[in-house]
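Quick note, our numbering runs 19 ahead of the 1-based positions in the sequence shown.
By construction, the Cβ of each residue, glycine as well, lies at the ideal position given by its N, Cα and C atoms.
Note that the structure is a prediction, hence the values are computed from the model and not measured.
Reviewing the structure listed below.
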Amino acid sequence: MSPALSLRELRKSFGSLIATDGLSLDLAAGEVHAVIGPNGAGKSTLIGQITGELRPDTGMVLLNGRDVTGWPVERRALAGLGRSFQITQLVHGFTVEDNVALAVQARAGHSFRFWTDARSDTRLRNPARHALATTGLTARADTLVEDLSHGEMRQLELAVALALQPQVLILDEPMAGMGASDSRQVVSILRQLKGWVTILLVEHDMDAVFALADRISVLVAGRIVASGTAGEIRNDPRVRAAYLGEEKIHA
Ligand code: ADP
Ligand code: MG
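As structure tokens, then:
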């Protein structure tokens with residue numbers, strides 16, 4: 020079976036700066052793979068090349084064995100690549116569930132765009148409800164989005180990503196800016212997804228990473244310097260060196 024996501028020899032430079040330096044990585048179906056690394060290591064640049072916002076200079080991105088390197092963002096999304104969105108354009112005056120349905124409609128391609136009422140179309144409503152249940156927001160389905168707490172707003176971002184029923188989900192710092200209790204909530208949501216969705220997780224919160232990841236890769240200066248299970252990574256001297264003074268890895 021092909022890996023769910025395969026990165027082959029990706030290279031990306033910005034002028035003279037090599038942001039991704041011949042990076043290869045395979046994610047098996049159902050795996051949660053965390054990518055950690057200091058600021059400026061190239062994590063966001065890597066994510067951009069996977070989602071299609073950035074083109075690698077050379078190398079390939081394969082989704083379920085298909086070469087998607089030249090595909091635009093929307094086409095990758097339709098092929099099963101999901102990501103968490105920073106929601107900046109929630110529609111105030113609409114409920115939580117309506118907002119998920121609208122987001123599905125907006126991103127699900129032209130077939131849903133014309134003359135469909137997102138609030139009554141079951142093709143939009145069912146995935147919306149299911150995603151709200153998975154993210155623990157069912158009780159808030161009829162709440163107006165503007166009445167959500169910050170933590171619930173972040174759960175809603177995850178709900179939107181899940182409503183598109185991705186096979187591979189890319190998460191760029193889903194716990195950023197969260198307090199401990201909201202972080203734990205997101206960890207428990209992601210735990211439920213384990214085995215169902217292949218997840219590439221970029222996250223600074225090491226407790227979350229060690230709680231969730233099947234494997235961890237450490238990115239430094241655009242290269243993976245170590246890859247292994249949580250236990251292997253915790254005790255890797257190169258990882259400790261790379262993080263010295265910047266990150267704390269709990270032993
Ligand atoms: P991370 O997400 O791990 O903090 P980034 O992928 O954002 O790292 O950045 C990797 C390196 O590439 C950094 O040195 C950053 O300054 C540089 N970089 C990222 N995006 C651009 C860009 N659009 N133009 C020029 N340099 C960039
Ligand atoms: Mg980044």
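| task | State the CB to CB distance for the pair Leu220 and Leu212, rounded to an integer number of angstroms; the pair is presumed to be in contact (CB under 8 Å). | result | Contact doesn't hold; Cβ gap of about 11 Å is too wide.
| task | Keeping to the same chain, check which residues put their C-beta closer than 7 Å to that of Met194; ignore five residues upstream and five downstream. | result | Around Met194: Ser202, Val205, Glu222, Asp224, Ala227.
| Hey, Glu50 and Arg210: beta-carbon distance below 8 Å or not? | no
| task | Please state if the CB of Ala180 and the CB of Gly56 are separated by a distance shorter than 8 Å. | result | No; because the gap between Cβ atoms is not below 8 Å, this pair is not in contact.
| query | According to the neighbour-count rule (16 or more other Cβ atoms, all chains shown, within 10 Å of its Cβ), is Pro146 buried or exposed? | reply | buried
| I think Val115 touches Ala150, with their Cβ atoms under 8 Å apart; what is that distance to the nearest whole Å? | About 10 Å; that fails the 8 Å criterion.
| task | Taking the CB atoms as reference points, tell me whether Val80 and Ser236 lie closer together than 8 Å. | result | no
| CA-to-CA distance, Gly170 to Ser21, given in whole angstroms | 36 Å
| As assigned by DSSP and simplified to three states, the class of Val187 | Val187 falls in the strand class under three-state DSSP.
| query | Is it buried or exposed for His111, if we count other Cβ within 10 angstroms and need 16 for buried? | reply | His111 should be labelled exposed.
| query | When DSSP labels each residue in this structure, what does His52 get in the three-state scheme? | reply | In the structure shown, His52 sits in a strand (DSSP, three-state: E or B).
| query | Taking Cβ to Cβ, would you say Val187 is nearer than 8 Å to Leu65? | reply | no
| field | Coil, strand or helix - Glu72 by DSSP | value | coil
| request: Under the assumption that Leu82 contacts Ala98 (Cβ atoms under 8 Å), give the Cβ distance between them as a whole number of angstroms. | output: 6 Å
| Quick one: what's got a C-beta closer than 7 Å to Pro185's C-beta in the same chain, skipping five residues either side? | Gly99, Leu100, Gly101, Val216
| said: Report the start-end ranges of each beta strand (DSSP E) in the region 143-231 that is 3 residues or longer and not cut off at the edges. | reply: 187-191, 217-221
| message | Can you find the residues in the same chain that come closer than 6 Å, C-beta to C-beta, to Arg257, ignoring five residues on each side of it along the sequence? | response | Here the set comprises Val244, Ala245.
| request: Return the CA-CA distance between Asp191 and Ile69, expressed in angstroms with no decimal places. | output: 12 Å
| Near Gly241, which residues of its chain fall below 6 Å by C-beta distance, leaving aside the five closest residues on each side in sequence? | Ile37, Ala38, Thr39, Asp40, Gly61
| query | So, is Asp117 buried or exposed, given that buried needs 16 or more other C-beta atoms within 10 angstroms? | reply | That one is buried.
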